[in-house]
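To convert, note that position 499 of the sequence shown is 498 in our numbering; the numbers rise steadily by one, no gaps.
These notes are about the structure you will find just below.
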Amino acid sequence: MGFAMTPHLAFDPLPASIAAVLGVVTGALLAWAVIRILTGNTLTRARKDAEQITQTAAAEADASKQRIELEAEKRATKRREEVDQEIAATQTELKKDQARLTKREDTIDRKLEKISERESKLESKESDLNEQTELLATERQEVQDLNAKMKQRLSDIASMSEAEARTLLLEEVKIEAQHEATQVTQKILEEAEVDAKQKSREITLQAIQRFAAEHVADSTVRSVRIPSEDMKGRIIGREGRNIRALERATGVDVLVDDTPGVIAVSCFDPIRRAIAGEVLQKLIADGRVHPSRIEDVVETVRQDMAERILKAGKDAVIEGNIRGLSPKIVEAMGKLAFRTSYGQNVLRHSLEVAYLCQIIADQLELDGNIARRCGFLHDIGKAMDHEAEGGHPAIGMEFCRKHNEKSEEVLNAIGGHHGDIDATTPYTPIVMAADAISGARPGARRESMEMYIKRLEQLEEIAKTQSHVQEAHAIQAGREIRVIVDAKKAQDSDAFSIARNIAQRVEDEMTFPGDIKVTVLREVRAEAVAH
């Protein structure tokens with residue numbers, strides 16, 4: 000079936016303008032929707048990016064903060080180390096400055112001492128100049144007087160004949176010659192008197208050394224203890240045959256007196272005295288005492304003594320580090336172990352002198368080995384001076400020359416250490432100085448200690464007699480006297496004057512080895528109390 004289209008039901012097309020508007024509106028709406036969607040996504044992403052950027056910035060800020068703090072801490076540590084280094088450097092400089100100040104003070108002290116010495120020398124020179132000036136004035140006056148006399152004589156001679164003038168001149172020359180001869184004779188006599196006194200002292204000392212009387216019995220007598228008084232009779236024997244056999248075999252004097260429990264052996268030779276003492280001890284211990292037994296024991300002890308002497312000499316040579324000595328010289332040095340001089344063992348004294356000689360020679364840049372050899376052998380003559388004529392220096396020199404000691408330095412030191420012959424090498428005065436030091440040191444010899452104490456007391460007494468002196472103390476074994484003066488009464492200039500006066504009096508009144516240093520201290524103490 001078909002339908003018919005009615006005219007009022009048909010759709011009319013829209014106008015073109017309206018369709019265009021609707022298209023624009025529709026596109027705008029679509030665009031707005033799209034923009035809306037896009038804007039929402041962009042804002043979301045922007046927020047996320049902002050949050051991420053904020054977090055990143057915060058992290059970077061924290062890292063920067065930590066880095067800055069770390070750098071600040073490093074800079075602070077570095078600065079602290081630099082400050083510590085500056086402080087250490089400052090302290091080092093202060094210590095150096097202090098050391099320089101201390102050194103400068105020491106230098107100033109030494110310069111003051113030198114100034115004091117120079118003042119003393121200048122005063123001495125001034126005194127000498129004054130004396131020379133007075134002497135020159137006197138001589139000038141004498142010359143003027145002589146000129147006047149010569150003028151007078153010339154005027155007198157002018158009126159004389161030639162024979163009269165010659166006679167007068169010869170008479171005056173004769174008188175002048177007699178006057179000069181008298182002066183020369185007087186000078187010779189004075190020098191001879193001094194030399195005679197010195198020589199007499201040397202001869203006396205040599206005689207005392209080589210001869211022992213009763214007043215030195217403590218060093219020439221050996222006591223041997225016995226168990227009972229009956230042993231004295233057995234030692235003496237029937238009609239004295241045992242004691243005579245003992246004295247004949249040993250060369251000593253056996254003294255049997257009323258002293259209980261003791262038999263004395265006396266002899267100037269210490270070796271023979273030691274042999275006799277040991278023989279007596281063996282006989283007393285054995286109980287068999289008769290001449291044949293005495294001779295056997297003496298021979299045995301003599302052999303033992305020879306071995307001990309040789310051993311003592313070898314030990315001394317090793318200790319002194321001396322090489323190339325003849326066996327006879329070694330044996331002679333061993334004998335000195337039994338020899339004493341004023342209570343001082345001669346072998347120990349020889350070793351001590353050898354050591355001192357080497358020290359002095361080393362200081363003088365000489366050969367210490369030669370000096371030690373000279374000091375070691377200087378007293379070897381004492382081992383046989385009781386067997387030969389002359390003093391021990393000459394005896395020792397000839398003995399060493401005889402037994403292949405070829406060093407001229409050593410021979411001259413042995414023969415000249417007491418001034419018996421002229422010193423031809425520098426080692427001889429070194430031995431003389433070392434010998435004096437060894438013998439004069441405190442405690443070396445029996446009589447030296449008392450003299451040493453008296454010297455110290457005299458030294459302190461001289462210092463205490465000076466004005467303004469409060470205390471005086473001898474120190475360094477008498478090589479220095481330290482004086483304390485009253486600071487209220489004495490000035491600094493007085494201290495130097497006191498030191499010079501003490502030194503002058505010590506030189507004039509005392510005899511001492513070496514030098515004595517005088518130190519005067521003037522101390523000022525300032526005190527205050529804070530309340």
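Cβ atoms here follow ideal geometry from the backbone N, Cα and C, with glycine treated the same way.
Length of the line joining the Cα atoms of residue i and residue j
i, j, result
"Asp-61", "Lys-73", "18 angstroms"
"Gly-380", "His-402", "13 angstroms"
"Lys-281", "Pro-269", "18 angstroms"
"Glu-506", "Leu-455", "14 angstroms"
"Leu-145", "Glu-460", "52 angstroms"
"Gly-390", "Ile-234", "38 angstroms"
"Ala-176", "Thr-166", "15 angstroms"
"Lys-536", "Asp-514", "Nothing in the structure corresponds to residue 536, since the chain is present only between 0 and 530."
"Asp-366", "Leu-458", "37 angstroms"
"Val-251", "Ala-244", "11 angstroms"
"Glu-508", "Ser-466", "18 angstroms"
"Ala-529", "Gln-97", "29 angstroms"
"Ser-222", "Arg-109", "57 angstroms"
"Pro-392", "Gly-418", "9 angstroms"
"Gly-232", "Ala-433", "50 angstroms"
"Val-142", "Ala-136", "10 angstroms"
"Ala-58", "Glu-50", "12 angstroms"
"Gly-22", "Thr-38", "24 angstroms"
"His-289", "Val-264", "18 angstroms"
"Met-149", "Leu-134", "22 angstroms"
"Arg-326", "Leu-335", "Before going further, note that residue 326 is Pro rather than Arg in the sequence given. The straight-line gap from Cα to Cα measures roughly 15 angstroms."
"Leu-111", "Lys-453", "31 angstroms"
"Glu-190", "Ile-420", "19 angstroms"
"Phe-267", "Gln-131", "57 angstroms"
"Ile-107", "Ser-119", "18 angstroms"
"Ser-63", "Lys-47", "24 angstroms"
"His-472", "Arg-271", "48 angstroms"
"Glu-104", "Gln-90", "21 angstroms"
Cβ distance (whole Å) where residue i is taken to contact residue j below 8 angstroms
i, j, result
"Ala-498", "Val-468", "With 8 angstroms as the limit, Ala-498 and Val-468 do not qualify as a contact, their Cβ atoms being about 11 angstroms apart."
"Thr-427", "Glu-407", "The Cβ separation is near 11 angstroms, so there is no contact."
"Ala-462", "Val-482", "5 angstroms"
"Met-534", "Ala-273", "Residue numbering for the chain in the displayed model covers 0 to 530; residue 534 lies beyond these limits and cannot be assessed."
"Leu-279", "Ala-315", "Incorrect: roughly 28 angstroms between the Cβ atoms, too far for contact."
"Cys-552", "Val-409", "This structure cannot speak to residue 552, because the chain is shown only from 0 to 530."
"Ile-413", "Met-396", "5 angstroms"
"Val-352", "Ser-437", "5 angstroms"
"Ala-248", "Glu-277", "Contact doesn't hold; Cβ gap of about 13 angstroms is too wide."
"Ile-565", "Gly-260", "No answer is possible for residue 565: it lies beyond the span of the chain, which begins at 0 and ends at 530."
"Lys-516", "Glu-470", "Incorrect: roughly 17 angstroms between the Cβ atoms, too far for contact."
"Glu-532", "Ile-328", "The chain is shown from 0 up to 530; residue 532 falls before or after that span and cannot be answered."
Close-in-space but distant-in-sequence residues of the same chain around residue i (CB under 7 angstroms, 5 per side omitted)
i, result
"Arg-521", "Val-484, Ala-486, Ala-489, Asp-491 and Ala-494"
"Ile-394", "Gly-380, Met-383, Asp-384 and Ala-387"
"Glu-330", "Ile-308, Leu-309 and Gly-312"
"Arg-287", "none"
"Ile-174", "none"
Bounding residues of the beta strand (DSSP E) (the contiguous stretch that carries residue i)
i, result
"Leu-520", "516 to 521"
"Ile-542", "Only positions 0 to 530 of the chain appear in the structure, and residue 542 is not among them; the question remains open."
"Ile-474", "468 to 474"
Alpha helix (DSSP H) segment containing residue i, residue limits
i, result
"Ser-291", "290 to 319"
"Ile-359", "345 to 362"
"His-402", "Per DSSP, His-402 belongs to no alpha helix (DSSP H) and is neither H nor E."
"Asp-491", "491 to 508"
"Pro-326", "326 to 334"
"Ala-412", "407 to 415"
"Leu-376", "367 to 376"
Contacts around residue i, its chain only, beta-carbon distance under 8 angstroms, and the 5 residues preceding and following it disregarded
i, result
"Leu-350", "Ala-315, Glu-318, Gly-319 and Phe-375"
"Ile-369", "Ala-360, Ser-406, Glu-408, Val-409 and Tyr-426"
"Ile-242", "Ile-234, Ile-235, Gly-236, Val-253 and Val-255"
Neighbourhood of residue i by C-beta distance below 6 angstroms, restricted to the same chain and skipping five residues each side
i, result
"Ile-359", "Ile-429"
"His-348", "Ser-437"
"Ala-422", "Gly-415 and Pro-428"
"Leu-29", "none"
"Ser-16", "none"
Every unbroken alpha helix (DSSP H) inside the segment 216 to 291 [4 residues or more] | With a minimum length of 4 residues, the continuous alpha helix (DSSP H) runs that stay inside the segment 216 to 291 are 216 to 219, 229 to 235, 240 to 249 and 269 to 285.
In chain order, which alpha helix (DSSP H) runs of at least 4 residues are fully inside the segment 65 to 113?
-> Taking 4 residues as the shortest admissible run, the segment 65 to 113 contains no complete alpha helix (DSSP H) segment at all.
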